[in-house]
Amino acid sequence: MDRFDALLPRPVSVRPKPGSLRITHDFSLKIEGEPGERLSKAALRFQKRLADKTGLFLEAGEPGQCALVLQCERVGELVLGEDERYSLDVTPTQAVLRATTDIGVLRGLETLLQLISADQEGYIIPCVEIDDEPRFPWRGLMIDSARRFQPLDVLKRNLDGMAAVKLNVFHWHLTDDQGFRVESNEFPLLHELGSNGEYYTKEQIRDIVAYAHDRGIRVIPEFDLPGHAASWVIGYPELASAPGPHVRHIDIGVLDQVLNPIKESTYGFLERFFAEMITLFPDEYVHIGGDENNGKQWLANPEIVQFMREHDFETILDMQSYFTERVLGILTRLGKKMIGWDEILTPNLPATAVIQSWRGRESLVEGARAGHKIILSNGYYIDLCQPAEYHYLNDPLPSDMELTPQESTNILGGEATMWSEVVSPETIDSRIWPRTAAIAERLWSRREDCRSEDLYERLDVISLHLEELGLTHEKNYPQMLRRLARGRKISPLQTLLDVCEPVQGYERVIQRKYTVLSPLTRAVDAARPDARGAREFRNLVRHYQGEVATGSRLKERLRIWAQNHEALAPIIEHSPVLQEITDLSRSLSTIATLALECLESPGRSLNEHEKTALAEAKEPRGQLQLVVVSAIEDLLTKER
Ligand code: ACM
Numbered sequence: 001m002d003r004f005d006a007l008l009p010r011p012v013s014v015r016p017k018p019g020s021l022r023i024t025h026d027f028s029l030k031i032e033g034e035p036g037e038r039l040s041k042a043a044l045r046f047q048k049r050l051a052d053k054t055g056l057f058l059e060a061g062e063p064g065q066c067a068l069v070l071q072c073e074r075v076g077e078l079v080l081g082e083d084e085r086y087s088l089d090v091t092p093t094q095a096v097l098r099a100t101t102d103i104g105v106l107r108g109l110e111t112l113l114q115l116i117s118a119d120q121e122g123y124i125i126p127c128v129e130i131d132d133e134p135r136f137p138w139r140g141l142m143i144d145s146a147r148r149f150q151p152l153d154v155l156k157r158n159l160d161g162m163a164a165v166k167l168n169v170f171h172w173h174l175t176d177d178q179g180f181r182v183e184s185n186e187f188p189l190l191h192e193l194g195s196n197g198e199y200y201t202k203e204q205i206r207d208i209v210a211y212a213h214d215r216g217i218r219v220i221p222e223f224d225l226p227g228h229a230a231s232w233v234i235g236y237p238e239l240a241s242a243p244g245p246h247v248r249h250i251d252i253g254v255l256d257q258v259l260n261p262i263k264e265s266t267y268g269f270l271e272r273f274f275a276e277m278i279t280l281f282p283d284e285y286v287h288i289g290g291d292e293n294n295g296k297q298w299l300a301n302p303e304i305v306q307f308m309r310e311h312d313f314e315t316i317l318d319m320q321s322y323f324t325e326r327v328l329g330i331l332t333r334l335g336k337k338m339i340g341w342d343e344i345l346t347p348n349l350p351a352t353a354v355i356q357s358w359r360g361r362e363s364l365v366e367g368a369r370a371g372h373k374i375i376l377s378n379g380y381y382i383d384l385c386q387p388a389e390y391h392y393l394n395d396p397l398p399s400d401m402e403l404t405p406q407e408s409t410n411i412l413g414g415e416a417t418m419w420s421e422v423v424s425p426e427t428i429d430s431r432i433w434p435r436t437a438a439i440a441e442r443l444w445s446r447r448e449d450c451r452s453e454d455l456y457e458r459l460d461v462i463s464l465h466l467e468e469l470g471l472t473h474e475k476n477y478p479q480m481l482r483r484l485a486r487g488r489k490i491s492p493l494q495t496l497l498d499v500c501e502p503v504q505g506y507e508r509v510i511q512r513k514y515t516v517l518s519p520l521t522r523a524v525d526a527a528r529p530d531a532r533g534a535r536e537f538r539n540l541v542r543h544y545q546g547e548v549a550t551g552s553r554l555k556e557r558l559r560i561w562a563q564n565h566e567a568l569a570p571i572i573e574h575s576p577v578l579q580e581i582t583d584l585s586r587s588l589s590t591i592a593t594l595a596l597e598c599l600e601s602p603g604r605s606l607n608e609h610e611k612t613a614l615a616e617a618k619e620p621r622g623q624l625q626l627v628v629v630s631a632i633e634d635l636l637t638k639e640r
């Protein structure tokens, strides 16, 4: 694949030209126009990344002989819809990157870094003309810092990853039942009692907001209300709808705790709270959550029931809609716009509220028709360990969408959501990357340029590029395997886990009870979505037409798997935490042996017992799924 095919997200227009620009030790750059400090810092980061990528000791070149010229007309504002266009012209003597705003230049610099290539004489940038701009203005990643606290370095390296694939919104889920993660001086018991001591100080919040700003990324804070608020009422029980005692919760799941929506003091509290928080978050949008309020505590509180009766509120949603409108009023007075999860979408919700669609696409259509701006997250739940291709095929605005052109403009884009019930700082990158790059392309590139046939090959390329930013999705895999193998050789364990994936969807937390203290160091945590070994085998099977060479490769794979249990069993014996994958390991060897026998004796068919073994191999064990079974079945069918 050439450098242009590998560009991710795919630019709007790429016109390759003959020749290339050599990158030598005197490769220098200059900035023209009205650049501002953000672009100067970005240029420095670019030079460092260029040096790191090439190993060149860059020196300042002769004045006037710059290899790279950056031109912009003005400093961009971090607001919805800001101009992010850029154009890039690379000739054998110079690369010129032009944009209206410095943010556009930042996007173009990421493209340029992805273009760096090499020939026998050294590093080059192939000559090309590129014009590029985003399809959607809202391209986000949400990280949940509430369930499992995520340290600053995790956030920073992921902001770098976001910038590399041109995402522009960091949605920061800061409060939830299990933790209140931001310092408040107005109400210090929120973070003091609502967390385990792991919260962001105001200085740290400002640091992250500034770090994101430097990369052209907006930061939207989420304070989840009125449900998901168990951590609020520990220090401030007067906010609660039910009597205490109010304690910290470590269990995963939706709790009953919900703020009291009928007390004026609740709104007074929230007004002071938001007034304080907006001093930390300059963006014009604030997310108020609004999801998964089961209403049990409201219906169990006679005063709330009485209030509902007096106001003709028939349902919990009616009561919540009152609450939402009051909070909207507060945010409007504070000069902010409100976002909420799709539960806030009710017929009387003012059109200024933005809806984040997560439970299905219905709210996207319904909300857009009602005049709300919409962000799509349904289909982008990366915590559920689904394949990259599944997310990639999820277009916020497919061509057959039943919306008028005017209504379609209400679809702002989308956000990948990294909920943190079962991720740790060690595993979070492997759940975000590289799959989020596929979502980033879906949100940046034109619909017709989102073709999935070479998606995985391109993700392999971007994955290594992302690793250069310090992301740990690749390097932590062998590290985790070493811990699991307790010093023994990891290759047999890797052979197995390369064809296993964590169970998908909510199965992980349905099959087993988790708290925020549960260990996330088991085989299921080391394993990753889109297991590479399984994908390679599936591709071989898909293209196999009886060719001898491919047949040998397939058999070679099967032989390795057939013998793997024998190699892995002593490691499992040595490492008790691996016992839960014993059957999985045995299954892989059993079905691989079976497949080899069938391939080597044409005419041999599976008996009932063997068919059962294949069916059983699909059952999850240790919360892992052997994802190579159906490819083996396909191979056996082809051979017949
Ligand atoms: C959500 O996943 N509860 C928005």
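Okay, so the sequence shown: first residue is 1 according to my numbering, each after it adds one.
Think of the CB as a built atom: it goes at the ideal place given N, C-alpha and C, for glycine as much as any other residue.
Quick caveat: nothing in here was measured; it's all calculated off a predicted structure.
{"Query": "Sorry if obvious, but does the Cβ on residue 292 come closer than 6 angstroms to a heavy atom of the ligand ACM?", "Result": "yes"}
{"Query": "For residue 358, which three-state DSSP category applies?", "Result": "coil"}
{"Query": "Residues in the same chain with beta-carbon distance under 7 angstroms from residue 192, minus the five sequence neighbours each way, listed in chain order, please.", "Result": "235"}
{"Query": "Check the C-beta distance from residue 178 over to residue 241 and give it rounded, since I have them as a contact under 8 angstroms.", "Result": "About 19 angstroms; that fails the 8 angstroms criterion."}
{"Query": "Please report the residue range of the beta strand (DSSP E) in which residue 89 lies.", "Result": "86 to 90"}
{"Query": "For residue 456, which of 15, 636 and 392 has the nearest alpha-carbon?", "Result": "392"}
{"Query": "What does the alpha-carbon distance come out to for the pair residue 284 and residue 291?", "Result": "21 angstroms"}
{"Query": "For residue 138, verify whether its CB is less than 6 angstroms away from any heavy atom of the ligand ACM.", "Result": "no"}
{"Query": "Applying the 10 Å Cβ sphere with the 16-neighbour rule, what's the burial state of residue 57?", "Result": "exposed"}
{"Query": "For residue 441, count the other beta carbons within 10 Å of its own beta carbon; 16 or more makes it buried, fewer makes it exposed. Which is it?", "Result": "buried"}
{"Query": "Going along the chain, which residues of its own chain have a beta-carbon closer than 6 angstroms to the beta-carbon of residue 331, five neighbours each way excluded?", "Result": "286 and 338"}
{"Query": "Who are residue 16's beta bridge partners in DSSP?", "Result": "128"}
{"Query": "Taking only the alpha-carbon atoms, compute the straight-line gap between residue 581 and residue 557 and give it to the nearest angstrom.", "Result": "20 angstroms"}
{"Query": "Would you identify the three-state DSSP class for residue 150, choosing helix, strand or coil?", "Result": "coil"}
{"Query": "Check residue 490 in the structure and name its three-state DSSP category.", "Result": "coil"}
{"Query": "Between 398, 32, 462 and 222, which has its C-alpha nearest residue 7's C-alpha?", "Result": "462"}
{"Query": "In chain order, which continuous runs of the alpha helix (DSSP H) of length 4 or greater are located wholly inside the segment 372 to 448?", "Result": "388 to 392, 405 to 408, 428 to 432 and 435 to 444"}
{"Query": "Of all the options 434, 520, 107 and 293, which has the alpha carbon lying nearest to the alpha carbon of residue 420?", "Result": "520"}
{"Query": "Taking the Cβ atom as the reference point for each residue, do residue 181 and residue 200 lie within a distance shorter than 7 angstroms?", "Result": "yes"}
{"Query": "Whether or not the segment 139 to 153 and the segment 109 to 118 are in contact is what I'm after, with contact meaning three or more pairs of Cβ atoms, one per stretch, closer than 8 angstroms; do they touch?", "Result": "no"}
{"Query": "Within a Cβ cutoff of 8 angstroms, which residues of the same chain sit near residue 160, ignoring the five residues on either side of it in sequence?", "Result": "215, 469, 470 and 471"}
{"Query": "Please look up how many angstroms separate the CB atoms of residue 112 and residue 97, rounded, as I've assumed it's under 8 angstroms.", "Result": "7 angstroms"}
{"Query": "Can you give me the Cβ contacts of residue 380 inside the same chain, cut-off strictly under 7 angstroms, excluding the 5 residues immediately before and after it?", "Result": "391, 394, 414, 415, 416, 417 and 439"}
{"Query": "Just checking residue 172 against the ligand ACM - is the residue's beta carbon closer than 6 angstroms to any of the ligand's heavy atoms?", "Result": "no"}
{"Query": "Helix, strand or coil, according to DSSP, for residue 520 in the structure here?", "Result": "coil"}
{"Query": "Hey, residue 4 and residue 67: beta-carbon distance below 7 angstroms or not?", "Result": "no"}
{"Query": "Going by DSSP in three states, residue 580 sits in which element: helix, strand or coil?", "Result": "helix"}
{"Query": "Going by DSSP in three states, residue 561 sits in which element: helix, strand or coil?", "Result": "helix"}
{"Query": "Apart from the five residues just before and just after residue 340, which ones in its own chain have a Cβ nearer than 6 angstroms to its Cβ?", "Result": "288 and 290"}
{"Query": "Out of 593, 436 and 368, point me to the one whose CA is closest to residue 403's CA.", "Result": "368"}
{"Query": "DSSP on residue 66, reduced to helix/strand/coil?", "Result": "coil"}
{"Query": "By the three-class DSSP mapping on this structure, what secondary structure does residue 240 have?", "Result": "strand"}
{"Query": "Would you be able to state if there are at least three C-beta pairs under 8 angstroms between the segment 539 to 549 and the segment 560 to 577?", "Result": "no"}
{"Query": "Using a Cβ-Cβ distance cut-off of 7 angstroms, determine whether residue 487 contacts chain D.", "Result": "Of the protein chains in the structure, only one exists, and it is not chain D."}
{"Query": "Determine whether the beta carbon atoms of residue 30 and residue 69 lie at a separation below 7 angstroms.", "Result": "yes"}
{"Query": "Is the closest heavy atom of the ligand ACM to the C-beta of residue 341 under 6 angstroms?", "Result": "yes"}
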